[in-house]
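Peer 1: First, the structure itself, so that you have it in front of you.
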Amino acid sequence: MKRICLSVAGIVLTFFASFAQTNPKDSAGYKSRKLSFEEANLVTSYYKQDGNNSAVTGGIGTQKLTDISTVIDVKFTRWDKKERKHTYDIEIGFDHYTSASSDNVDPHTVSGASRADSRLFPSLSWSVENQKKGSTIGVGVALSSEFDYQSIGVNAMFAQKTKNRNGEFTAKAQVFLDKLKYILPIELRPTGSGGGGDDEDDYENRSRKSYSGSLSYSHIINKRLQVMFIAEMIKQQGFLGLPFHRVYLNNNAVVVENLPDTRTKIPLGIRASYFLGDKIIVRGFYRYYHDNWGLNAHTINLETPIKINPYFSVIPFYRYYSQTAVDYFAPYKMHTTADQYFTSNYDLSKFNSNFYGAGFKITPLKGVLGIQRISMLEMRYGHYSRTNGLNSDIITLSMKFK
Amino acid sequence: MKKNHQRSTARMIALALFFSAIAFASCTTVKEYQKNKLNDSEMTLSARKIEKTEMSFQSYREGASGANGGKTGGGCGCN
């Protein structure tokens, strides 16, 4: 893992080095036709959770999990002869997690330490902005790879500003093609089958496709307030459960989670940002969500950055979330043999959750710790609690390099 | 139970439309040179980079996703 981390860091630093101070900045009014380094961002986080409703053990058992995640993105820009701005964004993400519940897929092969896995998720995007016309088009590709799951995604977007530049329509489309290994719990594997090893060929594969289209409109209401409306539709097809999620029926039999092979999700969102006085900003988000599995949800998010001075902000936040259960959920030993679809995954049960915390952000003129290239540092902590007993904590660090 | 939920959903949507109508009623054209507050980095309407990993775990631990600028597919989040 260390080697992979160092390799990723090495690649990114090589990018920085190769573009460092080779081209003049746009701030002088000069628009470079050559590719020039715009900015880079590093976001790294540590997440841990615990609860007693693991889907791997049929809705009972530990949900202990830790995850370390790092995402680095580097942005380059250039201007073409028609004065259009081209932006290239290269992103590399890396996750490493340990999960106690994954031990229970096959407890006989694991000695006690929690099962660990890593995920690599690079992506590339390119957009062209015509500032005269107020339009932007963009395309992107994303990959995600871990031991039992591979995903490839493509996306495209188009945005158009209104004549007075106070509003903007955006249309986006995304497709994800996923492949997952059909890893059954040990007691449900056919006798004589493979499935105990770490080789690619040990397991069958299943596929999953996700298509999404979204429309949004943002508008400046006045000098202090702007809002955005977002409507999205997501259609998923294929194997939408997970093969190692056990369900215990009321006759003590154990089976694998079975869910419909299509799901249509409709989230509708509204965002608003308001500058209150000279030091406080209020950022709000509300989302209504509905899908054809019977799940309805509401999300409200409030964040209030407080500018202590021009270079230092404190940012408290609070998020409330509420959902109903999907039609196919029942707890441990509550499903019957008559049920066509069944799951004991508590992520799909009825619950409310609260997520709250605070962070700070520094943007010193001479750079963070006197290092001119690090233009911003932000750190924040959040605590998440679900009414069904799951609790988690996340601490995140973000840095911007210019 | 479902009827209650539908009623509360309708109420929430009506409330959102009401506040949107008030907001749009007070619309004024803001010139570029008047946008210094709107251009503040904290005023962004999209999700910020630091929220990325938070949105990722929430999309795994909750049944709802989308309409927040995050991913709507791809990746497992199985555990």
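First to last, the sequence lines map onto chains A and B. Counting from 1, one number per residue, gives the positions in the first sequence under this note's numbering. Counting from 1001, one number per residue, gives the positions in the second sequence under this note's numbering. Even glycine gets a Cβ: it sits at the ideal position worked out from N, Cα and C. Note that this is a predicted model, so its numbers are computed, not measured.
1. Measuring CA to CA, which of A:227, A:51 and A:399 is closest to residue 380 of chain A?
2. Please state whether DSSP places residue 340 of chain A in a helix, a strand or coil.
3. Among A:173, A:185 and A:157, which residue has its Cα nearest to the Cα of residue 104 of chain A?
4. Expressed to the nearest angstrom, what Euclidean distance is found between the alpha-carbon atoms of residue 93 of chain A and residue 170 of chain A?
5. When the Cα atoms are used, what is the spatial distance from residue 332 of chain A to residue 342 of chain A?
6. Just checking my contact of residue 347 of chain A with residue 1051 of chain B at CB under 8 Å: how many whole Å lie between their CB atoms?
7. Are three or more beta carbon pairs between the stretch 256–263 of chain A and the stretch 297–311 of chain A nearer than 8 Å?
8. Based on the DSSP secondary-structure assignment, which residues constitute the bridge partners of residue 397 of chain A?
9. Taking 8 Å as the cut-off, decide whether the C-beta atoms of residue 48 of chain A and residue 62 of chain A are in contact.
10. Select from B:1014, B:1030 and B:1021 the residue whose C-alpha is nearest the C-alpha of residue 162 of chain A.
11. For the 8 Å Cβ check, are there 3 or more pairs between the stretch 202–211 of chain A and the stretch 221–232 of chain A?
12. Does residue 347 of chain A come within less than 8 Å of chain B when only Cβ atoms are used?
13. Show which residues of chain B have a CB atom less than 8 Å away from the CB atom of residue 130 of chain A.
14. Return no unless some Cβ of chain B is closer than 8 Å to the Cβ of residue 217 of chain A.
15. Which residues share a DSSP beta bridge with residue 299 of chain A?
16. Are residue 389 of chain A and residue 130 of chain A touching if we call contact CB-CB under 8 Å?
17. Within the continuous alpha helix (DSSP H) that includes residue 239 of chain A, where are the two ends?
18. Measure the Cβ-Cβ separation of residue 99 of chain A and residue 115 of chain A and say whether it is below 8 Å.
19. Along the alpha helix (DSSP H) that carries residue 1054 of chain B, what are the first and last residues, could you check?
20. Who are the neighbours of residue 1012 of chain B on chain A, taking C-beta pairs under 9 Å?
21. Quick one: grab the DSSP three-state call for residue 334 of chain A.
22. What's the C-alpha gap between residue 270 of chain A and residue 216 of chain A?
23. Just by C-beta distance, which residues in the stretch 59–73 of chain A are closer than 7 Å to chain B?
24. Quick check on DSSP: helix, strand or coil for residue 326 of chain A?
25. If you follow the beta strand (DSSP E) that residue 174 of chain A is part of, which residue opens it and which one closes it?
26. Give the single residue among A:166, A:349, A:68 and A:231 whose Cα lies nearest to the Cα of residue 59 of chain A.
27. Just how far apart, CA to CA, sit residue 1059 of chain B and residue 83 of chain A?
28. With the cut-off set at 8 Å, would you say residue 138 of chain A and residue 127 of chain A are in Cβ contact?
29. Less than 8 Å between CB atoms is the rule here; does residue 1039 of chain B satisfy it with respect to chain A?
Peer 2: Let me spell this out:
1. A:399
2. coil
3. Taking only the C-alpha atoms, the option nearest residue 104 of chain A is A:185.
4. Near 26 Å, if we compare the C-alpha coordinates of residue 170 of chain A and residue 93 of chain A.
5. 11 Å
6. About 20 Å separates the beta carbons of residue 347 of chain A and residue 1051 of chain B, which is beyond the 8 Å limit, so they are not a contact pair.
7. no
8. Under DSSP, residue 397 of chain A takes part in a beta bridge, and its partners are A:44 and A:379.
9. Going by C-beta atoms, residue 48 of chain A is not nearer than 8 Å to residue 62 of chain A.
10. B:1030
11. no
12. yes
13. Contact note: residue 130 of chain A does not reach chain B at a C-beta cutoff of 8 Å; the least C-beta distance is about 17 Å.
14. For residue 217 of chain A, not one C-beta of chain B is nearer than 8 Å to its own C-beta.
15. A:287 and A:321
16. no
17. Neither: residue 239 of chain A is in no alpha helix (DSSP H) and is coded neither H nor E.
18. Closer than 8 Å, so yes.
19. 1052–1061
20. 286, 288 and 298
21. coil
22. 9 Å
23. 65, 69 and 71
24. If DSSP states are grouped into helix, strand and coil, residue 326 of chain A belongs with coil.
25. 167–181
26. A:349
27. About 39 Å.
28. In contact: residue 138 of chain A and residue 127 of chain A (Cβ atoms closer than 8 Å).
29. Not one chain A Cβ lies under 8 Å of residue 1039 of chain B.
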